[in-house]
Every structure is written in C-alpha cells, then in structure tokens.
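Mapping the sequence shown onto numbering that gives the first Met the number 0, position 149 (from 1) lands on 148, and the numbers just tick up by one.
In this text, a Cβ means the ideal position worked out from N, Cα and C, and glycines have one as well.
Notes follow the structure.
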Amino acid sequence: MNWTRVYQDALAQGSSQVGYYHHNIRVDTAEGPVIVRVPIPGADVMDLRLWDEPDILAAIGSVVDTAPRLIQVSDRPAFQIHSFVPGAVLNQVAPRGVPVPEHVIPDVAALFANLAAIPAHQLPERPDDWPSDGDTAGFARRLAADSRRVYAANRAAHTDLYQRLDIPGDPFAPVDSRWATLTARPFVLVHSDVHRKNIIVHNGRSFFLDWELALFGDPVYDLAVHLHKMTYLPDEQEKLVAIWSREMPGPHTTHAAADLETYLVHEQIKSALVDSVRYAQAFAGAPAPYPLPTLAAKLAALLTTARRHWAVAKPIDAAEVEKVLVEYAS
C-alpha cells in the first residue's frame with residue numbers, strides 16, 4: 000500500500016473530525032477504510048506530553064484490543080495511519096446529560112485495569128527527570144508545573160481576556176498545598192484523555208481513541224480526568240468509581256477518594272483557564288467543537304466551578320461569557 004498516496008488522498012478529501020491537535024480523516028482504500036491522522040500546524044500545546052503517540056500504540060498494540068491499531072507513521076510529511084474503528088462516537092449517542100449505554104462504564108473500568116497490568120518495561124523510555132514509580136506527589140507537581148506553564152503563556156498572550164473573566168493572578172493556589180498530601184501508589188500507563196469524543200461504541204463494546212496525552216503516572220489521575228471530562232450523571236459516576244475500585248489492584252486504589260478530589264480541583268481550574276483561550280479563539284474563527292452559544296455555556300459552567308475554588312461567590316452566566324468572548328474576538 001502506498002501510504003503517502005493515502006495521506007494525499009486524505010488532504011484532497013478535506014473533510015475531517017477535528018481535535019485540538021490533529022485532523023482525523025477517513026479514507027477508503029482497497030484494503031478497507033483507515034484513519035489518516037494529521038497534526039494541526041501551530042496548535043497550542045495545552046497539555047503535558049511524555050511520548051509520541053505512535054510509540055504508545057506500538058507498545059500497547061498486542062495487549063489493548065480496544066485501541067486503534069497503528070498501521071503506518073511518517074515524519075515527513077507528518078501523518079499516522081490508524082485502523083478504522085466502526086461505530087458511533089459516544090458524544091453523538093449520549094451527549095452530556097444523557098445516560099451512557101450500559102456497557103460503557105464497565106468498559107472504561109476494564110480499560111483502566113488493563114492499563115494497570117502492562118509492565119513498565121513494555122512502555123517507551125521515560126526521561127531521566129520523570130518522577131520515579133510511586134512518587135505521586137512528584138507526578139502531581141509535574142502536572143501542576145505544566146499547567147502553570149500553559150497558564151503563564153496564555154495570560155501573557157490574553158491578559159485582557161483573563162481580566163474580563165475575573166481570573167485571579169494565582170489561580171492554582173487552592174490546590175498547590177495539597178500535592179504533598181497525596182498517597183504513594185504504583186504508576187501505570189494512563190490515557191489522560193478518555194471522554195465522550197474519544198470513545199467509539201459498536202456492537203455493545205467501547206473503543207478508545209487519541210492516545211497522544213498518555214503518561215506514566217498515578218492511576219487516580221486517569222480516573223479524575225475521566226470523571227471531569229465525562230460529566231456523568233451522579234449515579235453513573237458512583238457506579239464507575241465503585242467498579243474501578245473493585246477492578247483495580249489494591250495498591251493502586253489506596254486512599255483514592257481524597258486524592259481523587261485533589262486531582263479534580265486541579266482539572267477544574269485548568270479547564271477554566273485553557274478553555275477560556277480555546278473558546279475565545281473559536282469565537283475569533285478557529286474550528287470549534289460545538290456551536291458558539293454552547294461553548295459560552297460550557298465555559299460559564301467551568302468558570303463558576305473554578306470560582307468556588309477561588310472563593311468567589313458570584314457565579315458567571317452564559318450570556319455574560321458570550322458577551323466577553325464576542326467583544327474579545329472583535
């Protein structure tokens with residue numbers, strides 16, 4: 000198969016599913032459909048990165064059958080070819096506020112347990128300065144340092160936007176003092192981005208896409224990111240946590256409840272900061288994952304949650320957020 004030609008066909012086709020870092024384009028070949036994954040030039044990196052996605056897919060290909068298979072990777076031009084996963088994106092089947100299909104919650108718990116069973120030596124090499132296995136406080140501080148990097152860059156570039164949204168000068172202060180309280184747990188491969196747009200449902204099974212943010216770290220962090228981004232209904236969240244606690248090895252769940260809350264505070268603050276910029280860019284004409292009024296409502300909810308951590312009593316509504324974003328984009 001001439002994969003460069005497949006890549007060229009993808010570019011010529013034009014239509015794609017757009018994430019924050021890649022275009023994902025289905026191309027029908029003589030051997031069946033594939034997904035061509037093309038980096039978005041100049042995309043702002045708002046998340047911590049450890050490995051290249053192809054290295055992760057190559058490492059897990061024989062043990063995680065719910066991930067796409069890596070078929071081809073190219074540096075020049077930059078693209079990946081992934082196996083096509085048939086089915087529907089979970090966000091289309093069950094958007095926020097709609098119960099997920101019954102199999103999704105146990106499938107997610109099974110994924111996390113599967114990742115916990117992968118030996119560290121089967122994963123790509125980590126940098127020498129990466130926190131050592133079990134150093135959850137060091138891992139959390141690495142996350143926090145990257146979040147502060149993103150915040151500093153965004154505040155410098157979008158000072159007026161942050162001021163209009165009443166974002167404080169030290170937004171991570173409420174969580175910084177909590178990192179030292181985290182319990183030591185064995186590290187595992189964490190996906191770091193399991194949410195409704197990265198889950199395909201087909202024939203009663205769930206498949207998990209977009210492994211570019213995978214890390215080696217605390218399994219409770221993966222659970223926290225998932226809960227934050229999924230926004231389950233209350234009974235669904237309770238069910239997921241119960242199954243996760245039962246399916247994960249015991250040492251991986253030690254004192255998980257308190258640390259889960261700490262990670263959730265961090266993710267809630269980070270999302271308010273990052274999405275303020277991403278949604279402002281959408282109002283200025285960048286590709287948007289949702290209609291603009293929906294983005295304004297989502298950001299209002301994120302900011303209201305973050306304001307509780309910042310001890311700001313006054314909530315912010317969608318109309319006020321939309322007014323700020325429209326004015327900032329003009």
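Can you tell me whether DSSP reads Ile24 as helix, strand or coil? Three-state result, Ile24: strand.
State yes or no: is the C-beta of Val174 within less than 8 Å of the C-beta of Val264? yes
Taking 8 Å as the limit between beta carbons, can you name the residues of its chain near Ile315, skipping five residues before and five after? Leu164, Asp165, Ala299, Leu302, Thr303 and Arg306
Report yes or no: do the stretch 243–251 and the stretch 272–291 share at least 3 C-beta pairs separated by less than 8 Å? no
I'd like to confirm something about Leu212: is its beta-carbon nearer than 7 Å to some heavy atom of the ligand SAM, or not? For the ligand SAM, the structure offers nothing, since it holds no ligand at all.
Buried or exposed for Lys269, going by 16 or more other Cβ atoms inside 10 Å? buried
Where the beta strand (DSSP E) containing Ser73 begins and where it ends: Here the beta strand (DSSP E) through Ser73 covers Leu69 to Ser73.
Evaluate Arg75 with the Cβ neighbour count: other Cβ atoms within 10 Å of its Cβ, from every protein chain shown; 16 or more gives buried, anything less gives exposed. exposed
Whole beta strand (DSSP E) runs in the stretch 33–92 with 3 or more residues, listed along the chain? 69–73 and 78–82
Given a cut-off of 8 Å on the beta-carbon distance, is the pair Val72 and Gln79 in contact? yes
3 or more residues per run - each beta strand (DSSP E) lying fully within the stretch 190–227: 198–201, 204–207 and 214–216
Taking Cβ positions, are Phe83 and Val33 nearer each other than 8 Å? For the pair Phe83 and Val33, the CB atoms are nearer than the 8 Å cut-off.
Cα separation between His251 and Val107? 16 Å
For Leu188, which of helix, strand or coil comes out of DSSP? strand
Meets three-Cβ-pair contact criterion under 8 Å: the stretch 47–56 and the stretch 119–128: Contact between the stretch 47–56 and the stretch 119–128 is present, because at least three Cβ pairs lie under 8 Å.
According to the Cβ coordinates, are Ala279 and Leu214 closer than 8 Å? The answer is no: Cβ separation not under 8 Å.
Would Asp192 and Leu212 qualify as a contact pair, given that the criterion is a beta-carbon distance under 8 Å? yes
Which word fits Gln267, buried or exposed, when buried means at least 16 other C-beta atoms lie within 10 angstroms of its C-beta? Under a 10 Å Cβ-count criterion, Gln267 is classified as buried, with 16 or more other Cβ atoms of the shown protein chains found around its own Cβ.
Touch check for the stretch 192–207 and the stretch 60–68: three-plus C-beta pairs under 8 Å? Here the stretch 192–207 lies against the stretch 60–68, with 3 or more beta-carbon pairs under 8 Å apart.
Give a yes or no on contact between the stretch 129–139 and the stretch 20–27, applying the rule of three or more CB pairs nearer than 8 Å. no
Through-space distance from Lys297 to Phe171, alpha-carbon basis: 20 Å
Where DSSP assigns a beta bridge to Val17, which residues make up the other side? His22
Take the Cβ of Asn197 as the centre, count every other Cβ of all protein chains shown within 10 Å, and call the residue buried at 16 or more, exposed below. buried
Rounded to the nearest angstrom, what separates Trp178 and Asn1 at their Cα positions? 50 Å
According to DSSP, Gly31 sits in a beta bridge with which residue or residues? Thr28
Given that a residue counts as buried once 16 or more other Cβ atoms are within 10 Å of its Cβ, and exposed if not, what is Ile39? exposed
Could you spell out the range, first to last residue, of the alpha helix (DSSP H) harbouring Val97? Premise fails: Val97 is in no alpha helix (DSSP H) and is neither H nor E.
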